[in-house]
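Remarks on the structure that follows.
Numbering (my numbering), first residue to last: -15 to 153.
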């Protein structure tokens, strides 16, 4: 095969190499996107911030009790159920994608300092982009004595995928 490649024009060889490596390049892009999007390997700045956070060490396995499927949130909202819907994403994420109507924005790093803004007796539902940060935040609130805390399964992405509306800022 090497002999065949050497006989081809350089332009054709480059194109064949690009096509041969395309699956690997696409896989690497997907991994980078998933890691950067939510809850993956943090960059050094995020890691430092997370280490300083009072929420840094969540319990091991929260179990399915914390996860709230998007269709159940829709039912709760449509029925007028009294709840506190908290978006724990960063401000720049809100600007890019909006939020679920009626949400209160409290980024994860601010949550320990804003506990008094929340009613411990009402249901609290948290969400982020994909659901991992909100799950950590839900476990944190449960440890702080909140009676009924849930994390939106799949985050804002899951909400939109299930047909949920998002209000732009």
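Where a beta carbon is used, it is the ideal one built from N, C-alpha and C, also for glycine.
What you are looking at is a predicted structure, and each value in this text was computed from that prediction instead of being measured.
Ranked by Cα distance from residue 82, the options 111, 92, 55 and 56 are led by 111. Residue 83 carries a strand assignment under DSSP once its states are collapsed to helix, strand and coil. The alpha-carbon separation between residue 63 and residue 86 amounts to approximately 14 Å. Residue 136 sits away from residue 116, with the two beta carbons spaced by 9 Å or more. According to the DSSP secondary-structure assignment, residue 151 is paired through a beta bridge with 83. A buried status is given to residue 120, since no fewer than 16 other beta-carbon atoms sit within 10 Å of its beta-carbon. The beta-bridge partner set that DSSP reports for residue 97 is empty. Measuring C-alpha to C-alpha distances from residue 72 to each of 106, -6, 98 and 130 identifies 98 as the nearest. Rounded to the nearest angstrom, the Cβ distance from residue 58 to residue 142 is 11 Å, too far for a contact under 8 Å. Within 10 angstroms of the beta-carbon of residue 54 lie 16 or more other beta-carbons, which makes it buried. Taking the Cα positions, residue 153 is about 16 Å away from residue 144.
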